[in-house]
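Participant: Structure provided below as structure tokens; questions to follow.
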Ligand code: SF4
Ligand code: SF4
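Numbering (the numbering used here), first residue to last: -14 to 286.
Here is the structure:
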């Protein structure tokens, strides 16, 4: 029986599908988008996240670490080195502030199902359910399929957020069990896509076209608008052209760049490459409404 590796289970979301939802963030993704808001979900394996905002600087973690994986920067901040960490959890146990957290807990199907079903009354009254996010949920397609099946048997619908960078068989296995799918597209040009994410988009676009030909649920395509990386007029127009060519897509989304994940990069001992990029608000994207006339479905942001 497969286990799920999960970084977070977030209750009462109203943004990841209809109604009130619980969002399960799965760990592991083949892409390395520089703007990723959930960098703790990118690596497949477990790791320790240091939450600076909770840390009081007592340095108990530093004292107990047997691997020299925690050090003090010139400005006094603690820095973690993932490569040295043995995942012994001594720092997690030593921290009274819960500022050091294991990312990547394993769940059995029963445990995760029971956890999310605690909010069943909210799903039932709001038309909500469970959304699978990440990371890339479809890299754990066996578990995801069993999970969605178990929820369906309880009358709870599942939605999926995917970047599509997965083998086709994973998509074919899990997609039919989803009520809705948000499919993220980062750039249409394969070379630029590789520069931005580490992978070209050949498989991603093939998977999107497969969904467009075969998927029966609610399909939406989304494009995160990242200043100077993928917001050039020709890049935006290429995405709209792609979206307009898809027959089953019900909504097209532009998502404004935000920096909510920035602190987590330092907490994982990683650099945030977009430190100088200013975040966008929805109002900054209003000019993109010009593309509505190219689409037969609603353009949202
Ligand atoms: S033990 Fe916790 S509170 Fe103390 S320095 Fe380490 S992370 Fe910060
Ligand atoms: S989990 Fe990693 S960082 Fe924490 S004490 Fe163990 S080796 Fe050190």
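Each residue gets a CB set at the ideal place from its N, CA and C atoms; glycine is no exception.
Tell me which residue opens and which closes the alpha helix (DSSP H) that residue 181 is part of.
Facilitator: That run of the alpha helix (DSSP H) goes 175 to 182.
Participant: Given residue 322, which residues of its chain have a CB within under 6 Å of its CB, disregarding the five upstream and five downstream residues?
Facilitator: Outside the displayed range of the chain (-14 to 286) lies residue 322, so it cannot be described from this structure.
Participant: According to DSSP, simplified to helix, strand and coil, what is residue 1?
Facilitator: coil
Participant: DSSP state of residue 84, grouped into three classes?
Facilitator: coil
Participant: For residue 52, which residues from the same chain have a beta carbon less than 7 Å from its beta carbon, with the 5 sequence-adjacent residues on both sides left out?
Facilitator: Excluding sequence neighbours, residue 52 sits near 69, 70, 71.
Participant: Helix or strand or just coil, what does DSSP make of residue 364?
Facilitator: Beyond the ends of the chain as shown, which are -14 and 286, falls residue 364; an answer cannot be given.
Participant: For residue 169, which beta-bridge partners are listed by DSSP?
Facilitator: 207
Participant: Quick check: the Cα distance between residue 155 and residue 28, rounded to an integer number of angstroms?
Facilitator: If I take the Cα positions, the gap works out to 19 Å.
Participant: Considering only heavy atoms of ligand 1, list every residue whose Cβ is less than 7 Å from one of them, following chain order.
Facilitator: 35, 39, 40, 41, 42, 43, 44, 45, 46, 47, 63, 76, 79, 80, 81, 82, 84, 85
Participant: Can you name the start and end residues of the beta strand (DSSP E) that residue 241 belongs to?
Facilitator: 234 to 241
Participant: In angstroms with no decimal places, state the Cα-to-Cα distance between residue 185 and residue 98.
Facilitator: 35 Å
Participant: If you measure between the beta carbons of residue 133 and residue 100, is that distance less than 9 Å?
Facilitator: no
Participant: For residue 257, which three-state DSSP category applies?
Facilitator: Three-state result, residue 257: coil.
Participant: Closer than 8 Å is the cut-off here; do at least three beta carbon pairs connect the segment 246 to 255 with the segment 226 to 234?
Facilitator: no
Participant: Give the single residue among 286, 180, 260, 279 whose Cα lies nearest to the Cα of residue 269.
Facilitator: 286
Participant: Just tell me which of 248, 126, 195, -1 has its CA closest to the CA of residue 260.
Facilitator: The residue with the shortest Cα to Cα distance from residue 260 is 248.
Participant: Just to confirm before moving on: does the CB-CB distance between residue 200 and residue 141 stay below 9 Å?
Facilitator: no
Participant: Let me know the secondary structure DSSP gives residue 142 once reduced to three states.
Facilitator: strand
Participant: Give me the residue from 138, 182, 131, 164 with the minimum Cα distance to residue 149.
Facilitator: 182
Participant: Just to confirm, are residue 264 and residue 244 a CB contact at a threshold of 9 Å?
Facilitator: yes
Participant: Would you grab the beta carbon distance between residue 147 and residue 114 for me? Rounded to a whole angstrom, and I think it's under 8 Å.
Facilitator: That belief does not hold up - the Cβ atoms of residue 147 and residue 114 are roughly 16 Å apart, past 8 Å.
Participant: Relative to the alpha-carbon of residue 214, which residue among 262, 22, 88 has its alpha-carbon at the smallest distance?
Facilitator: 262
Participant: When the Cα of residue 196 is compared with those of 178, 37, 23, 164, which residue comes out closest?
Facilitator: 164
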